[in-house]
Amino acid sequence: MNPTHLPPRSHPLHINGVQRDLPLFKVQPDLAIAVLNILGDTELTEAAATALQQRMADITFDVIVTAEAKSIPLAYALSVHSARPYVVLRKNYKSYMGEALSTETLSITTGKTQTLYLDAKDRAALQGKKVALVDDVVSTGSTLAAMRTLMAEAEAEVAAVAAICTEGDPEQWAEVIALAHLPVFPIDA
Ligand SMILES: Nc1ncnc2[nH]cnc12
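Going by our numbering, the sequence shown opens with residue 3, and the numbers climb by one from there.
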């Protein structure tokens, strides 16, 4: 409890010299999360990409892979910093994606099942390549598991997993290169 005995309404985040107060958002009747949304936040995205690029400097990877939508700016910035291309796993199938691969994931923010698609041209580009999986927040691991499934089907090797934040149980995410950890916030009945 904070001094006023009210539950916190935001959570501070410090990334490579940039500070933000993340608003708390109820995702289940008994649980809130501190929401990180880098869309439109160039300063935070750049700070995170710079720090992650440094942490990944010794890792050999050919392509960055992320999932739509909030982490696309991070993948783009990391692509510029590392001079590697990036691939976005899509949440909706479009006809131009050809014979795409697909798999399912459960979103903590929407509580709904989503499908991730790997475009046929990206599938060809990833075959036999080493990839760095990138996300804004690794939370339940559902998106990460779906990304791993698609990489296995595309015959790409996962060389690294990187995120701005992990969330929940920190020990579960020891393999993830992350810049901060977010607690989750149980809500009393
Ligand atoms: N704390 C968080 N902020 C934004 N997106 C998330 N997805 C899962 N946890 C999240």
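Virtual Cβ for every residue (Gly too), placed ideally from N, Cα, C.
Suppose you measure from the CA of Val29 to the CA of Pro185; what does that come to, to the nearest Å? In the sequence shown, residue 29 corresponds to position 27, counting from 1. In the sequence shown, residue 185 corresponds to position 183, counting from 1. The straight-line gap separating the alpha-carbon atoms of Val29 and Pro185 is approximately 14 angstroms.
Quick check: Thr105 and Thr145, are their CB atoms within less than 7 angstroms of each other? Here the question's residue 105 lines up with position 103 in the sequence shown. Here the question's residue 145 lines up with position 143 in the sequence shown. Result no, Cβ atoms of Thr105 and Thr145 do not sit closer than 7 angstroms.
How do the segment 171-179 and the segment 84-102 stand: do at least 3 beta-carbon pairs fall below 8 angstroms, yes or no? With the rule of 3 Cβ pairs closer than 8 angstroms, the segment 171-179 does not count as touching the segment 84-102.
CB contact flag (Arg22, Ile179, <7 angstroms): For the purposes of this step, residue 22 is identified with residue 20 of the sequence shown, where counting begins at 1. For the purposes of this step, residue 179 is identified with residue 177 of the sequence shown, where counting begins at 1. Not closer than 7 angstroms, so no.
At 4 residues or longer, what runs of the alpha helix (DSSP H) sit wholly inside the segment 104-139? Runs of the alpha helix (DSSP H) inside the segment 104-139: 122-128.
Pick helix, strand or coil for Val90, following the three-state DSSP scheme. In the sequence shown, the residue the question calls residue 90 occupies position 88. If DSSP states are grouped into helix, strand and coil, Val90 belongs with the strands.
Does DSSP put Ala51 in a helix, in a strand, or in coil? Along the sequence shown, read from residue 1 onward, the residue named residue 51 stands at position 49. It is helical.
For Arg22, report the span of its beta strand (DSSP E) as first-last. In the sequence shown, the residue the question calls residue 22 occupies position 20. Counting along the chain, the beta strand (DSSP E) containing Arg22 begins and ends at 20-30.
May I ask you to list the residues that DSSP assigns as paired with Ser73? Translated into positions along the sequence shown, residue 73 becomes position 71. Partner residues in a beta bridge of Ser73, as assigned by DSSP, do not exist.
Can we say the segment 39-52 touches the segment 105-114, given the rule of at least three CB pairs closer than 8 angstroms? With fewer than three CB-CB distances shorter than 8 angstroms, the segment 39-52 does not count as touching the segment 105-114.
Since Met153 and Ala69 should fall inside the 8 angstroms C-beta cutoff, what is the C-beta to C-beta distance between them, to a whole number of angstroms? By 1-based counting over the sequence shown, the position of residue 153 is 151. By 1-based counting over the sequence shown, the position of residue 69 is 67. In fact, because the Cβ distance is near 12 angstroms, the residues do not count as touching under 8 angstroms.
Under the three-state DSSP convention, the category Glu169 falls into: Your numbering for residue 169 matches position 167 in the sequence shown. Glu169 falls in the strand class under three-state DSSP.
Run the proximity test for Ile166: is its beta-carbon closer than 6 angstroms to any non-hydrogen atom belonging to ligand 1? Here residue 166 is taken as the residue at index 164 of the sequence shown, counted from 1. The beta carbon of Ile166 sits no closer than 6 angstroms to any heavy atom of ligand 1.
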